[in-house]
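Undergrad:
Chains as they are written, first to last, in my numbering: chain E, 1 to 818; chain B, 1 to 207.
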């Protein structure tokens, strides 16, 4: 699909890919073409029209015109400069002169381009319209007065996040006089005409957005119109120190910058004011952007607690931890296992590790073959076993981006219906199958996509056993010819005329009936829909979610996934359950259950080592320490400490236990002893993106190949299908762990989440009985959810939700009103 | 006289002229006679003339040249850079500072700090503002960069105090609201040039 071509920009030859937009080709080659409304990875908006260039003598918009072989592009001519200057003058008409207080504080594209194009006087005018400042949600603060309606926010919300929570609405501004048209360049006039008619409004018709509060609209805003509510007027951008890091909340491991400054004049301690990102190349979720104040502040080194911690570690039989942990810490814990025989228990990574291992044998590689960046480039995506909206924001963005940018299609298999997913595009088919039918789902995928020559006889027979043919009567429209004799009244001549008349004819047709489709909850028309959404699709991908790791038949599922990967020409990627589950799964040898004296590492235990500030011994939180994280794109990425930490860390404990590494980051090169990792010093790891969007962060894990003997896939087991009142272990959006919960801008509560109808039936508060134990939870209606299954979050470690659910993600429970 | 002539140190070759001075009296009577002669001649008043004239002007003409410091102070040049003043808007009495942070940024001795917040009127409020006068070198950059001429250098040049804090808070530097009428427009370092109007291109307004 990608062919290298050569284009000439301003007389110099450059190489680029066929089908690439001129603007992106130029940017990748460090050539500047001004553009305000265009966002890499999103569809061109054509709102600003400033990226005007000449290609082969014709005026085109660089963000919208694709490069062709041998094309000659001129980025500036007299005319174009005149047009661009007029556009910038129009943007400056009535723009409030409050740059002195504006939160963009100079990082403003309106300022930059005004200066770049040398606008030093104004030739246009129109009466201003009063535009109010509105708080769209508890996070989003929109100052319509400053807005230049470039629509970057709406574009990113639709094309990347999938919320489509904002759109352009009427501005109520003065109409542009017709005579203006002759007085100014035509693109500037067209842009002004549109600008004068619109502002940004929430798309649900109210003045409150109904979205996941990701704040990506804030990040992309070129002016200071969109700011987070807590940040408004607190500091100037230039005061902030930018610390490149990796987000510690989920397995996406996005690159972020923590921006810090002293708290106030009285309090000189550093504080994180906001989190920013390279929004052209990576999109954050609400947890990443707003969940930053989870640091563990300690006064100093507590020697007594330290001694107690050393004793506790010596005495410990089990260390219980979760995956909000760096690779280095994981390696330290594994060293404790190797040296002292401690048991390592990690509820989220264990199931994933087992699944990966089961998968690696038949697949012949230790890691899943693809990643989410690759998946984003495909045009047909399938998601199985993941609650995409809640489990992993980047997997969801990929699913959405494929629909919007690649004219893609999608299949979404999940027991809980989610209206967000079906709203992402017209070519998405969602299946709300029964809990426990994931095997049937994978068989259906095999049936639909597999190259049958690569499958074993048994498997083909098994799949074919679900097919039957049925004769159905279909009504069909047929054009029928009718010959009539018509007599012309005037002349009395009669003529024969042949007419074509449509007629409904009943016809018997042999139809293939796929039992698998019905089994997983698909409707009878699926076959037709499927042929429709398969049109012109070339690349396929599969997202595997957490449900499969916590499945009673996880091993068989892993085999099936491997079989799909080898026989379907499909890119497969898995969503690691928590932040560094993948790293932990590769580094640690995990045990199934705990026993004896338990030291909890950010978890409950007899002795608690915790970065939450509530434990017996304090360690630094993720934004206070250096280290590496392994993300779902199979990359080992560095994170840095944004805030000072005055106490002890795990490495100090390790030193007193006889492992002499001077600093935590001295463990980074030692990771090489584990499969996939390489020996690299922490300080050599880059953390950024190049102009062409290439990810230059840390290093990619090596996916070692290892061909194993033949394997068999088992038939699916219908006996494990759950029926009744079912609870699903799933966090609300923006909540991932104790740390997100600790931050002040994330307030999704620890409650039972249910569809509006179910929530109504349940009342305000319920007791959920898991058999032996029960818990009392408030009920929150989630209007995106459908069906009767309820969600119970696991982000609070002290509630120990993992042990309530055991080795499953779905559980039969009894719920009663309290 | 050319330079060469000065450099010639051979005494006697130059055209020196002897002064026609009286002989210094040697006897007691002679000395008395010289004193009496000089006294009567009034040469002293030639020297005292300026002093006496100024004394007359000061006492009777009202042209006093000294002041009663510290009760009185001399006016100081507008370009002098002493302790900062924070000015108010004459119309509303609100302080002029908009909290843009430019003075904080430009300060080369890093002695200005401010805290700002979003207030109830949707404005940027300067909630806290300090200058550390232990570090300030009175370079005047803050006054020059201030887009609102809100921070200017005032005339308070006595920088000795029991506490530095007596200068460093916003309220101390701010024009007292009751003295708003006496607030003078700053025309020192960073002030608008007298011909500023001529240099402005006007923006058309559709009203």
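All residues carry an ideal CB built from backbone N, CA and C; glycine is no exception.
Closer than 9 angstroms by beta-carbon distance: list the chain B residues that pair up with residue 789(E), in chain order.
TA: The contacting residues do not exist; residue 789(E) stays about 42 angstroms from chain B at best.
Undergrad: Contact criterion: CB-CB distance below 8 angstroms. Does residue 205(B) meet it with respect to chain E?
TA: Closer than 8 angstroms to some Cβ of chain E, the Cβ of residue 205(B) qualifies, so yes.
Undergrad: For residue 183(B), decide whether its Cβ has a neighbour in chain D, counting only Cβ atoms nearer than 8 angstroms.
TA: Chain labels in this structure do not include chain D; the protein chains are E and B.
Undergrad: Are at least three pairs of beta-carbons, each pair with one atom in the region 275 to 295 of chain E and one in the region 184 to 202 of chain E, less than 8 angstroms apart?
TA: Segments in contact, no.
Undergrad: Strictly under 8 angstroms for the Cβ-Cβ distance: is residue 265(E) near chain B by that measure?
TA: Taking Cβ atoms only, chain B reaches closer than 8 angstroms to residue 265(E), which makes this a yes.
Undergrad: Would you report the Cα separation of residue 310(E) and residue 653(E), rounded to the nearest angstrom?
TA: Whole-angstrom Cα-Cα distance: 6 angstroms.
Undergrad: Tell me, please, whether the CB atom of residue 192(E) is closer than 8 angstroms to any CB atom in chain B?
TA: So, not an interface residue.
Undergrad: At what residue ranges does the region 525 to 586 of chain E contain a whole run of the beta strand (DSSP E), taking only runs of 3 or more?
TA: Runs found: 540 to 544 and 570 to 574.
Undergrad: Taking DSSP's pairing of strands, which residues face residue 104(E) in a bridge?
TA: Paired residue(s): none; residue 104(E) is not in a bridge.
Undergrad: Taking only the alpha-carbon atoms, compute the straight-line gap between residue 359(E) and residue 334(E) and give it to the nearest angstrom.
TA: Roughly 23 angstroms separates the two Cα atoms.
Undergrad: Give a yes or no on whether 8 angstroms exceeds the smallest Cβ distance from residue 115(B) to chain E.
TA: Cβ-Cβ to chain E under 8 angstroms: yes for residue 115(B).
Undergrad: Taking 8 angstroms as the threshold (beta carbon to beta carbon), is residue 101(B) in contact with chain E?
TA: Closer than 8 angstroms to some Cβ of chain E, the Cβ of residue 101(B) qualifies, so yes.
Undergrad: Less than 8 angstroms separating the beta-carbons of residue 642(E) and residue 243(E)?
TA: Yes; because the gap between Cβ atoms is below 8 angstroms, this pair is in contact.
Undergrad: Can we say the region 278 to 294 of chain E touches the region 206 to 225 of chain E, given the rule of at least three CB pairs closer than 8 angstroms?
TA: Yes: the two stretches touch, three or more of their Cβ pairs being nearer than 8 angstroms.
Undergrad: Run through chain B and tell me which residues come within less than 7 angstroms of residue 134(E), C-beta to C-beta.
TA: In chain order: nothing, as chain B lies at least about 11 angstroms away.
Undergrad: Give, in chain order, every unbroken run of the beta strand (DSSP E) that is at least 3 residues long and sits entirely within the region 144 to 198 of chain B.
TA: Taking only runs of at least 3 residues, the beta strand (DSSP E) segments lying wholly in the region 144 to 198 of chain B are 151 to 156.
Undergrad: Name, please, each residue of chain B whose Cβ falls closer than 7 angstroms to the Cβ of residue 101(E).
TA: By Cβ distance, chain B contributes 98, 99, 100 and 124.
Undergrad: Mind checking the region 119 to 147 of chain B against chain E and listing, in chain order, the residues whose C-beta falls within less than 7 angstroms of any C-beta there?
TA: Result list: 122, 124, 128, 130 and 147.
Undergrad: Quick one: does residue 196(E) have its CB under 8 angstroms from some CB of chain B?
TA: No - not a single Cβ of chain B is within 8 angstroms of the one on residue 196(E).
Undergrad: Are the CB atoms of residue 364(E) and residue 705(E) within a distance shorter than 8 angstroms?
TA: Closer than 8 angstroms, so yes.
Undergrad: Alpha carbon to alpha carbon, what distance is there between residue 436(E) and residue 713(E)?
TA: Straight-line Cα distance between these residues: approximately 17 angstroms.
Undergrad: Looking at the C-beta of residue 233(E), does it have a partner C-beta in chain B at a distance below 8 angstroms?
TA: Judged by the 8 angstroms Cβ criterion, residue 233(E) is in contact with chain B.
Undergrad: Closer than 7 angstroms by beta-carbon distance: list the chain B residues that pair up with residue 126(E), in chain order.
TA: Neighbours of residue 126(E) on chain B, chain order: 206.
Undergrad: Please go through the same chain and pick out, in chain order, the residues whose beta-carbon is closer than 6 angstroms to the beta-carbon of residue 647(E), but skip the five residues on each side of it.
TA: The answer, listed in chain order, is 298, 301 and 618.
Undergrad: Give the residues of chain E in contact with residue 105(B), contact being defined as C-beta atoms less than 7 angstroms apart.
TA: The contacting residues are 238.
Undergrad: One question on the structure: do residue 87(B) and residue 179(B) come within less than 8 angstroms of each other, judged by their Cβ atoms?
TA: It is not a contact, given that the beta carbons lie outside the stated cut-off.
Undergrad: For the beta strand (DSSP E) holding residue 8(E), just list the boundary residues, first then last.
TA: From DSSP, the beta strand (DSSP E) with residue 8(E) extends over 4 to 9.
Undergrad: DSSP three-state call for residue 688(E): helix, strand or coil?
TA: Reduced to three states, the DSSP call for residue 688(E) is strand.
Undergrad: In angstroms with no decimal places, state the Cα-to-Cα distance between residue 661(E) and residue 544(E).
TA: Spanning the two alpha carbons is a distance of roughly 38 angstroms.
Undergrad: Note down, in chain order, all residues in the region 38 to 63 of chain B with a beta-carbon under 9 angstroms from any beta-carbon belonging to chain E.
TA: Correct list: empty, as no residue qualifies.
Undergrad: Roughly how many angstroms lie between the CA atoms of residue 790(E) and residue 422(E), to the nearest whole one?
TA: Roughly 19 angstroms between the two C-alpha positions.
Undergrad: Answer with yes or no whether the minimum CB distance from residue 201(B) to chain E is below 8 angstroms.
TA: So, interface residue.
Undergrad: What is the rounded straight-line gap between the Cα of residue 814(E) and the Cα of residue 95(E)?
TA: If you take the alpha carbons of residue 814(E) and residue 95(E), they lie about 59 angstroms apart.
Undergrad: With the cut-off set at 8 angstroms, would you say residue 159(E) and residue 42(E) are in Cβ contact?
TA: Cβ distance < 8 angstroms, so residue 159(E) and residue 42(E) count as in contact.
Undergrad: Run through chain B and tell me which residues come within less than 9 angstroms of residue 121(E), C-beta to C-beta.
TA: Going along chain B in sequence order, the residues near residue 121(E) (Cβ under 9 angstroms) are 201, 202 and 203.
Undergrad: Measuring CB atoms only, is the region 142 to 149 of chain E touching the region 116 to 126 of chain E, in the sense that at least three cross pairs come out at less than 8 angstroms?
TA: These segments do not touch.
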